[in-house]
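Chains as they are written, first to last, in my numbering: chain L, 1 to 300; chain P, 1001 to 1290; chain X, 2001 to 2295.
Cβ atoms here follow ideal geometry from the backbone N, Cα and C, with glycine treated the same way.
To start, the structure itself, in structure tokens.
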Amino acid sequence: MSTTAWLTTLQFAGVNALFALSIYVSLWTGVLSLAPIFFGSVSAFTFGYLAGAVGLSPLLGLVLGVVFGAGLGAVTAALVVRLHSHYLAMATIAMVLIGRVLIVNLSDLTGGAAGTLVPGELGTWAWLIGCLVVAGFVLARLAKSRFGFAAAAVREDPAVAQTLGVAPRRIQLVGFVISGALGGTAGVMQSSFLQYIGPDTFYTHLGFVTLAAVVLGGAFHWAGPIVGAVAFTILPELLRDVLGEYDRVVTGVLLVVIIIYLPRGLVDLRRLRLLRARSRADSPTGVSRPRGTVAQKVAS
Amino acid sequence: MSLRTPSPEAARGTPAAEETPAVDIVGLTKAFGGLTAVSDITIRVPHRRIHGILGPNGAGKTTVLNLVTGFIHPDDGAISVFGDEVTHLPPYQIARRGVARTYQNIRLFAGMTVLETVVAGAYLRRSSTLAGAIFLSPGERRERREVRARARELLDRVGVRADHDALAETLSYGDQRRVEIARALATEPRVLLLDEPTAGMNDAESQEVGELLVELRDSGLTLILIEHNMRLVEDFCESVSVMNSGAMLSQGAPRWCLEQDDVKEAYFGKRSDAARIATLRRARRGPGGS
Amino acid sequence: MQLLAQQLVNGIALGCVYALFAIGFALILARMGILNVAHGTFATWGALSSYWLVAEQGVNFWVAAAAGILFAGALGVLADTLAFAPLRRRNAGAFAPIIASIGVWIVLLTVAEAFAGPTTTSYPADAVPTTPIRVAGLVVLPAHLLSIAALVVTVTAVHLLLNRSRFGAAVRAVSVDPRSATIVGVDARRTLVAVAFMAAGVAGLAGVLAALSDNNVSFGVGEALLLKGFAAVVVGGYGDIRGAAAVGVAIGVLEVLSSQYISSGFRDAITFGVLLLVLVVRPQGIFGERQLVRA
């Protein structure tokens, strides 16, 4: 691939990373959600429409993405957060499927099946890196916060979290709002890079790639989705020459293989901590070796 | 920073009959499908009491704890905590009224270190906001420092000797149970429910848990524990309820309860075996408890 | 009046296809605890494989349809063996099977897309029954009759099989606790394979009928069914396949009537609107089941 092609690929890896972070935030609170794709879609089409109708400065467009996405996240959470986890996941997939129906049919606003053009001022490295840095910074700061621990508690064991006074649905609502803000930003950035959006821009394929990114990178640390997004955006490009139109098969197969053999993903603090504990236990002079036995119960 | 320490006069002076019970369970009934797990159970636990719930496996003891913490809701009956009715509240609301618990099958959060586990337990005692956390405001810094210091204090208090930065799930069973107690204590509860706190511990460790219970009681907590270790019950519980097949067999002082014929029968089978109770009881003191 | 009656017939026939699809979806959810989003691709492959046999190999339609069902069933078994069984053995978390099923979805969809190409086609007109039947002034297409008959037969057969046979008892035992089921002599693996085959096979049947009714064979056959199947299961519950089937039929009627009397472009949106309404008003489904907090 040429350098330009590489750079373009990396840009899309960056946008996918934003989507992946958006999925990650919901997973953090124990919710499997593809709603970020829908958040991105609505924000992007709104951005496209307003930019065409009244003209938007880049910064205003980005703010719109964040605010719109967050609002959608809140509304979505209010509707679906009471659902059992399986139904919740499926409801968010349904949102993505329905989003396409809406885009095709609301042609006055969206351009219908033909799609619509979007200004590209935001589609630069500076804006992209800026968004990623802010997103990463916010999530890193939240990781060890009161919210962060509550979210992890809800994900690991919602019943126990409740006995600590955590209201799981409230935490999940906050998760949806943050996820919405990230998804909305990702949507605006995606549309700015493409400068054209249509019914298939924010559809299942984007959902698959970004979910695969989270699963590969790991849903237990904010760096995971970024690593995964870079891998899963570059990999199909490398494979395209070999596999042609079958390149997505690799994404699917990898998704299954990872969830079976590396269920916590590449970036996994728990595994690091286990390894550290093991190496400490192996060394006879281990200072703070726990009394009794080590690693009696290590879940898969 | 210590657990709430009530004034000494409030602690011992008032007769138990006059004050509102810490936990008041009246006529509790719960059936799963056709099986009645708990039937017409009434337990009244006054303030600052160590109360044991005994009974053979399948007696419905854990179901009672699950009902009190709101995991499941009763078909009939009422539960009050310090006079507030909590019968149909969700678990987190009950937790906010000062009820905390541990679990028979240890339920620690996967991936968290010992210290993080206890910090996670302090959710209710923190006031930090998202914005505060993102900008790491001075208040947030202070709170994080305090919460961690307090978590270390609690871990020392319950006797966790393992490295606080080790993964909680890699600890010995005894330490895992202690971490669970510390996590529950981090909510600063008024009532602590313990489901077999000494399971998997040896005699010396069980004794330490017993002493911890007394210490917690003296600092103002009300404790309800499910326990199979009879020596622990006799030495540390001030009152017990004995259940069998979901029904209440007897309530009162531990020694008295354990001498009742139907209690002996429930625990050891035929009455003629009662003579062997003393031996069996000694056997039960061994490691493992249950 | 005549129009309404005609639309009702069309709606019921369409709904029967949705119901067939929903049965398998519900079966996998109820008996294996897997929300299998790849279920739509089984329907797609049922349609594509039977089309290939009819159009390119000149096989008789009925034989091809049967082969399509078997092929879809085989894909279901393959997916279970390669993706879900390893997760079961590892006691993976609640999301792992959904993520694995998304992986299966991607693989089967991509291959279908490559196999069928971007265009849509239909079964050769001379190979399939097309002569409409006129009853009391109503026009009933053979595809419609087939859909209705297929649903009645399938629901009855699956219901009896699950509730009145030794196999059904084995399925229930395995879905509650595979280990205990094995102890009392049930071959858990074989039972699960049979359920996977049955569910995917019925999806394949739905795919064939959907392609026949719509005159449309493409890689998107199953994608269109996925949402309806989900809606039917959410509203109708998955404990009893008859609930999901009944709601599936109702969705078909609702769609046909709403596109006739409201707007054709939004028929999917109307289905989704009803679905959302049910989710908001009764998140546990109309025939609700299960407890939300794990104690």
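Query                                                                                                                                                                                                     : Result
For L/Leu142, which option in L/Trp28, L/Leu79, L/Leu128, L/Ala229 has the closest C-alpha, if you only look at C-alpha atoms?                                                                            : L/Trp28
CB L/Val96 to CB L/Ser179, shorter than 9 angstroms?                                                                                                                                                      : no
Going by beta carbon distance, what residues of the same chain come within less than 6 angstroms of P/Glu1227, once the five residues before and after it are set aside?                                  : Gly1052, Val1233
Mind reading off the beta-carbon distance from X/Ile2012 to X/Ile2133? Whole number of angstroms is fine, and I expect it under 8 angstroms.                                                              : Actually they are not in contact, since the Cβ atoms of X/Ile2012 and X/Ile2133 sit about 15 angstroms apart, beyond 8 angstroms.
Nearest CA to the CA of X/His2144: which residue from X/Leu2209, X/Leu2277, X/Phe2025?                                                                                                                    : X/Leu2209
Go to P/Val1115, then tell me how far its alpha helix (DSSP H) extends in each direction, as first and last residue.                                                                                      : The sequence given here places Leu at residue 1115 of chain P; Val does not occur at that position. Unbroken alpha helix (DSSP H) run through P/Leu1115: 1114-1121.
With a threshold of 9 angstroms between beta carbons, is X/Leu2276 in contact with chain L?                                                                                                               : yes
Using 9 angstroms as the limit for Cβ to Cβ distance, is L/Val253 near chain C?                                                                                                                           : The displayed structure is made up of protein chains L, P and X, and chain C is not among them.
In or out: P/His1047 buried (at least 16 other Cβ within 10 Å) or exposed?                                                                                                                                : buried
Counting along the chain, where does the alpha helix (DSSP H) carrying X/Ala2206 start and finish?                                                                                                        : 2188-2214
Starting from the C-beta of X/Ala2047, find all residues in its chain whose C-beta is less than 6 angstroms away, skip the five residues before and the five after it, and write them out in chain order. : Gly2207, Val2208, Ala2211, Val2217, Val2221
Whose C-alpha, out of L/Val249, L/Val54, L/Phe38, is nearest the C-alpha of L/Ile93?                                                                                                                      : L/Phe38
Identify every residue that forms a DSSP beta bridge with L/Leu211.                                                                                                                                       : Partner(s): none; L/Leu211 has no beta bridge.
Going along the chain, which residues of its own chain have a beta-carbon closer than 8 angstroms to the beta-carbon of P/Gln1260, five neighbours each way excluded?                                     : Val1242, Leu1249, Ser1250
Excluding the 5 residues flanking X/Ser2297 on each side, which residues of the same chain have their C-beta closer than 6 angstroms to its C-beta?                                                       : Beyond the ends of chain X as shown, which are 2001 and 2295, falls residue 2297 of chain X; an answer cannot be given.
Roughly how many angstroms separate the alpha carbons of P/Glu1140 and X/Ala2092, rounded to a whole number?                                                                                              : 36 angstroms
Using a Cβ-Cβ cutoff of 8 angstroms, what residues of the region 49-83 of chain L are near chain X? List them in chain order.                                                                             : Leu79, Val80, Arg82, Leu83
Can you check DSSP and say which residues form a bridge with P/Ser1219?                                                                                                                                   : BP columns for P/Ser1219 are empty, so no partner.
Quick one: grab the DSSP three-state call for X/Val2059.                                                                                                                                                  : coil
CA-CA distance, L/Arg146 and L/Ala229?                                                                                                                                                                    : 27 angstroms
Which residues mark the beginning and the end of the beta strand (DSSP E) in which P/Gly1027 is found?                                                                                                    : 1023-1032
In or out: L/His86 buried (at least 16 other Cβ within 10 Å) or exposed?                                                                                                                                  : buried
Could you please tell me which residues of the region 234-253 of chain L, in chain order, have their CB closer than 7 angstroms to any CB of chain X?                                                     : Glu245, Tyr246, Arg248, Val249, Thr251, Gly252, Val253
In the structure shown, what three-state DSSP assignment does P/Val1038 receive?                                                                                                                          : strand
Is the beta carbon of L/Val256 sitting closer than 9 angstroms to the one on X/Gly2243?                                                                                                                   : no
In this structure, does DSSP put X/Thr2182 in helix, strand or coil?                                                                                                                                      : helix
So is X/Thr2081 in contact with chain L if we call contact Cβ pairs under 9 angstroms?                                                                                                                    : no
Does the CB of L/Phe176 have a neighbour CB from chain P at under 9 angstroms?                                                                                                                            : no
Going straight from the alpha carbon of X/Arg2088 to that of X/Gly2033, what length do you get?                                                                                                           : 10 angstroms
Taking only three categories from DSSP, how would you classify P/Asp1165?                                                                                                                                 : coil
Where DSSP assigns a beta bridge to L/Leu117, which residues make up the other side?                                                                                                                      : L/Tyr196
Just the Cα atoms here: how many angstroms apart are L/Gly52 and L/Val118?                                                                                                                                : 8 angstroms
Going by DSSP, what residues sit across from P/Leu1225 in a beta bridge?                                                                                                                                  : P/Gly1052, P/Leu1194
Identify the contact partners of X/Asp2268 in chain L, using a Cβ-Cβ distance below 7 angstroms as the criterion.                                                                                         : Ile98, Val101
Straight-line CA distance for L/Leu64 to L/Thr124?                                                                                                                                                        : 18 angstroms
Please work out which residues of its chain come closer than 7 angstroms, Cβ to Cβ, to X/Thr2182, disregarding the five sequence neighbours upstream and downstream, and give them in chain order.        : Ala2188
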